[in-house]
Amino acid sequence: MDKIQNNAMLLSTKITKFSNTRRDNGMADELTEAKKASPNVIKVTKTLFASPIIKGLNKAHGQLRNHTQKFNTLPWDDGERLIPCESIDPFEAAWVKKTDYIADLKRELHREYPNMLKRAAKDLGDAFDINDYPTVEEILDAYSASYTLKKLPEAGDLRVNLPADKLQKIKDSIEADVTSRVEAAAESVHERVVDTLQALIDGLERHGTKADGAKRASKFTDNTVEKIEELAAVLPSLNITGDPKLTQAGNALLTKLADLDPAKLRESKTERKAVADTAKSIVDNLTGLWD
């Protein structure tokens with residue numbers, strides 16, 4: 127097997143967003159006195175803007191972190207993720223698409239800021255304080271998103287003036303650390319496959335049933351099928367160790383769970399059982415869960 131350093135890189139991202147809340151100590155003091163509460167136990171937090179633009183920006187930055195960054199990558203270390211080289215182009219395309227959308231929202235925010243301030247004053251009434259509000263430029267600057275790629279550590283790159291035995295120990299430590307992290311990353315792929323398939327199984331088996339205390343019966347969602355399709359598309363690149371069981375799982379996703387129709391699955395108990403049984407067999411090949 128080719129060295130992992132030839133087939134993957136480390137990805138780090140920096141994503142920041144505007145905090146749309148402020149503490150109001152004056153209101154907290156008023157409430158403390160009115161309720162005869164002990165000092166410093168009541169906190170009042172105000173939402174500055176009830177604005178779809180701010181909500182959209184904060185949501186988009188969250189999606190960058192929780193989906194765009196993670197979809198094509200594997201866990202590595204705090205602040206870094208392992209990205210297979212063949213996943214770099216899809217990652218960058220998704221990143222550009224999302225940041226272009228963010229740029230559009232930021233331009234809209236700049237245009238609408240005076241109206242947003244008027245709306246905030248109306249929404250908050252006497253609790254409105256203009257001193258709580260930064261300039262539009264400060265809000266725009268609070269939103270940022272960037273990423274960097276760097277090569278994986280490699281023992282052969284170590285060039286320091288140390289005794290040969292000490293140098294070898296450091297090189298061995300580097301290789302052992304990389305191997306351990308690669309194994310952990312590979313295990314996370316197994317978990318991702320199992321978790322996605324388990325969500326499919328659970329959704330199929332729960333459909334039409336009503337849990338104790340629930341207001342309505344469970345409904346199998348289109349999103350569950352979309353997650354299977356996404357997994358099938360990305361799994362080959364995430365199988366960084368060439369694990370034959372993951373290869374087999376990927377092939378099964380493409381052949382046995384392709385073209386699922388959520389509407390038909392909602393309508394047919396027989397279809398739901400057949401698909402759930404297929405999903406269980408794929409998980410079983412990975413884990414032996416249903417032995």
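417 is the number that our numbering gives the last residue of the sequence shown; the numbers go up by one with no jumps. Glycine residues also receive a C-beta, built at the ideal position from the N, C-alpha and C atoms.
Reference residue i; option with closest CA among the options
i, options, result
"VAL320", "SER363, ALA229, ASP410", "ASP410"
"ASP258", "LEU266, ALA247, ASP267", "ALA247"
"GLU477", "ALA160, ILE214, HIS333", "Outside the displayed range of the chain (127 to 417) lies residue 477, so it cannot be described from this structure."
"THR413", "GLN374, GLY368, ILE130", "GLN374"
"THR274", "LEU372, ILE130, GLU206", "GLU206"
"ASP204", "GLU301, ASN132, LEU136, ILE354", "LEU136"
"ILE179", "PHE217, VAL262, ALA220", "VAL262"
Assigned secondary structure, residue i (DSSP; H/G/I helix, E/B strand, else coil)
i, result
"ASP203", "strand"
"ARG245", "helix"
"LYS277", "strand"
"PRO289", "coil"
"SER145", "coil"
"THR322", "helix"
"HIS333", "coil"
"ARG307", "helix"
"ASN117", "This structure gives no information on residue 117, because the portion of the chain shown stretches from 127 to 417."
Residues bridged to residue i [DSSP beta-bridge criterion]
i, result
"PRO210", "ALA134"
"THR171", "ARG149"
"ALA271", "ILE141"
Beta-carbon proximity list for residue i, same chain, < 7 Å, skipping 5 on both sides
i, result
"ILE327", "ALA402, ALA405, LYS406"
"LEU418", "The requested residue 418 is not part of the displayed model; the chain covers only 127 to 417."
"ALA253", "ASP150, MET153, LYS172"
Nonlocal neighbours in the same chain, by C-beta distance under 6 Å from residue i, ignoring five residues either side
i, result
"LYS140", "SER272"
Beta-carbon contacts of residue i that lie in its chain and below 8 Å, excluding the five residues immediately before and after
i, result
"ARG318", "LEU357, LEU364"
"ALA134", "LEU208, ILE209, PRO210, CYS211, LEU278, ILE366"
"ARG245", "PHE175, ALA176, SER177"
Within-8 Å CB hit, residue i to chain D
i, result
"ILE209", "Protein chains in the displayed structure number just one, and chain D is not present."
Open item on the list: Check whether the region 384-391 and the region 224-236 touch, using three or more Cβ-Cβ pairs below 8 Å as the test.
Closed with: no
Task: Three or more C-beta pairs below 8 Å linking the region 175-187 and the region 213-233 - done: yes
TODO: Please confirm if the region 340-347 is in contact with the region 294-311, defined as three or more CB-CB distances below 8 Å between the two stretches.
DONE: no
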